[in-house]
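Undergrad: Residue 392 in numbering that gives the first Met the number 0 sits at position 393 of the sequence shown; the count goes up by one each step and never skips.
Backbone N, C-alpha and C define an ideal beta-carbon position, used for all residues, glycine too.
Here's a structure for you.
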Amino acid sequence: MKITESEQRMWGKETPAPVRKMSDDEINAKYLRREWRIVTETNREQLPNFVEALKRPGWMELRPFYQRRLRWDPERQSKLIESFIMNVPVPSLFVYEAGLAKFEVMDGQQRITAIKEFYSNELRLTGLEQWPEINGRTYLKLPTEIKKGIDRRSISYTVLLKESAETTEEQTLLRQLVFERLNTGGVKLSQQEVRNCLYQGEFNNLLHRLATRAPFRRAWELPVYSESEQANPPVELLENSFYSKMSDIEVVLRFFALRHADQYTRGMQGFLDVYMVRTRQFQAGDLTQLEALFDETIDLGTAIFGDLLFRPWSVKEGNWADHPHVAFSDAVMVGLARNLAHADLLLKKKDVVLGATQQLFQKHEDGTFTGRGNTKADVSNRINLFDKMLREVAAT
């Protein structure tokens, strides 16, 4: 199986940096140097003015690298608008000063999106409890006095100023730190969303890019990707927890990481974290090879399994499962990647592969391929069993 040069070196033992004991005088000096203290300012805008400002190119970026995918449904968006109607205090947004009059949203993406959609008449109010009389209406269709009342409301935003850090690296670390602290009390991030926040870079970009591939999206029952999805995901994606929690990105990561199952440690999520940390040493050539490997593997899987890709065989039902399964996809993808040299033979014998896959489930009805266990032995076993099956098919 193809392993890049950086991957061959990535599992070497890392020596942690020693933590030097500091005297009280040194600690005081560090504090006086203003290390790890942010500089902020607070601004306040009436809602109509805020919405107009959002139209200015580059003024406020809603989707920087550390933001999660959109999650609020129309009812939750409507509740925010109802709060403005009732003059209920709405928490301040938190943004980062990326440049002169250019900001990145660190906390408040959902609120900004709701306000934009309301004022553009895309949001039809729904689920209101205190003002049920206006359910079903857009901003344009609201009674005059209600509109006037909302237009008088303001949104405040706290700006993390650039002078909070001196270098680009320090700015990145500071943004990550603030993001973590801001999001400890809100909607709990999935572990992949946390990785997306903390381990930004070219490898993380590659994961996102590969998750848009047509065969991959089709296998995971996601709509065909379009560039407009980044700014305005369709409703079917917003309501899909697999997508909204970045599970699709995690599945791609699992493929790359579990090619090194012999290094598996700290459980599945901990192992994925370790792999992400160590991808920081990857070079452009490594990423090019990994991208080609993923495409070659998913294409082979699609050619063999078609619409059944990643769907387990149900011995009880005597049929293929209705939906794909993550743990089984690990075995399929890594197993195929180990057998790319036999791709032509496997394609010619794809019916045999399908039959042999059914036999695997018949021989192992204890959840071996559906992730009942996630120890190193469990993970390695299901990958090795699928790999062995493919090799045996290719050899006959």
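In the DSSP assignment, the alpha helix (DSSP H) including Ala326 goes from what residue to what residue?
TA: In the sequence shown, residue 326 corresponds to position 327, counting from 1. From DSSP, the alpha helix (DSSP H) with Ala326 extends over Val325 to Arg337.
Undergrad: Which term fits Ile297, buried or exposed, when burial requires 16 or more other beta carbons within 10 angstroms of its beta carbon?
TA: Counting from 1 along the sequence shown, the entry for residue 297 is found at position 298. Counting Cβ neighbours within 10 Å, Ile297 comes out buried, since at least 16 surround it.
Undergrad: Determine, using beta carbons only, whether Arg253 and Asp329 come nearer to each other than 7 angstroms.
TA: Taking the first residue of the sequence shown as position 1, residue 253 is located at position 254. Taking the first residue of the sequence shown as position 1, residue 329 is located at position 330. Yes.
Undergrad: Report the rounded CA-to-CA distance for Phe368 versus Ile133, giving the unit in angstroms.
TA: Numbered from its first residue, the sequence shown carries residue 368 at position 369. Numbered from its first residue, the sequence shown carries residue 133 at position 134. About 51 angstroms.
Undergrad: Please report the straight-line C-alpha distance between Gly57 and Glu103, rounded to a whole angstrom.
TA: Position 58 of the sequence shown, counted from the start, is the residue given in the question as residue 57. Position 104 of the sequence shown, counted from the start, is the residue given in the question as residue 103. Their Cα atoms are separated by approximately 9 angstroms.
Undergrad: Applying the 10 Å Cβ sphere with the 16-neighbour rule, what's the burial state of Glu391?
TA: The sequence position of residue 391 within the sequence shown is 392, counting from 1. That one is exposed.
Undergrad: Are the beta-carbon atoms belonging to Phe327 and Phe309 less than 7 angstroms from one another?
TA: For the purposes of this step, residue 327 is taken as the residue at position 328 of the sequence shown. For the purposes of this step, residue 309 is taken as the residue at position 310 of the sequence shown. Yes, the pair counts as a contact, with Cβ atoms nearer than the cut-off.
Undergrad: Throw me the rounded Cβ distance for the Tyr242 and Leu271 pair, which I believe falls under 8 angstroms.
TA: Taking the sequence shown and counting its residues from 1, one reaches residue 242 at position 243. Taking the sequence shown and counting its residues from 1, one reaches residue 271 at position 272. Not quite, the Cβ-Cβ distance comes to about 18 angstroms (not below 8 angstroms), so this is no contact.
Undergrad: Beta-carbon separation of Asn338 and Leu389 under 7 angstroms?
TA: Position 339 of the sequence shown holds residue 338. Position 390 of the sequence shown holds residue 389. Contact flag set, yes.
Undergrad: Spell out whether any CB of chain B is found under 7 angstroms from the CB atom of Asn318.
TA: The structure shown has no chain B; it contains just one protein chain.
Undergrad: Determine the DSSP secondary structure at Val250, reduced to helix, strand or coil.
TA: For the purposes of this step, residue 250 is identified with residue 251 of the sequence shown, where counting begins at 1. Looking at Val250 - three-state DSSP - the assignment turns out to be helix.
Undergrad: Among the candidates Ser119, Ala320 and Glu81, whose CA atom is the shortest distance from the CA of Pro415?
TA: Residue numbering for the chain in the displayed model covers 0 to 395; residue 415 lies beyond these limits and cannot be assessed.
Undergrad: Can you tell me which of the three DSSP states Gln45 falls into?
TA: Here the question's residue 45 lines up with position 46 in the sequence shown. Of the three classes helix, strand and coil, the one that applies to Gln45 here is strand, per DSSP.
Undergrad: With the cut-off set at 7 angstroms, would you say Ser189 and Gly126 are in Cβ contact?
TA: Mapped onto the sequence shown, residue 189 falls at position 190. Mapped onto the sequence shown, residue 126 falls at position 127. No, the Cβ-Cβ distance between Ser189 and Gly126 is not below 7 angstroms.
Undergrad: Examine the Cβ distances between the segment 200–220 and the segment 257–264 and report whether three or more of them are shorter than 8 angstroms.
TA: No contact exists between the segment 200–220 and the segment 257–264.
Undergrad: Given a cut-off of 7 angstroms on the beta-carbon distance, is the pair Thr157 and Thr39 in contact?
TA: Here residue 157 corresponds to residue number 158 of the sequence shown, with the count starting at 1. Here residue 39 corresponds to residue number 40 of the sequence shown, with the count starting at 1. Their beta carbons are under 7 angstroms apart, which means Thr157 touches Thr39 by this criterion.
Undergrad: What does the alpha-carbon distance come out to for the pair Asn120 and Leu139?
TA: Residue mapping note: residue 120 aligns to position 121 of the sequence shown, counting from 1. Residue mapping note: residue 139 aligns to position 140 of the sequence shown, counting from 1. Approximately 7 angstroms between the Cα atoms of the pair.
Undergrad: If we count the other Cβ atoms within 10 Å of its Cβ and call it buried at 16 or more, is Ser153 buried or exposed?
TA: As a working mapping, residue 153 is identified with position 154 in the sequence shown. Classification of Ser153: exposed, given that the 10 Å Cβ count is below 16.
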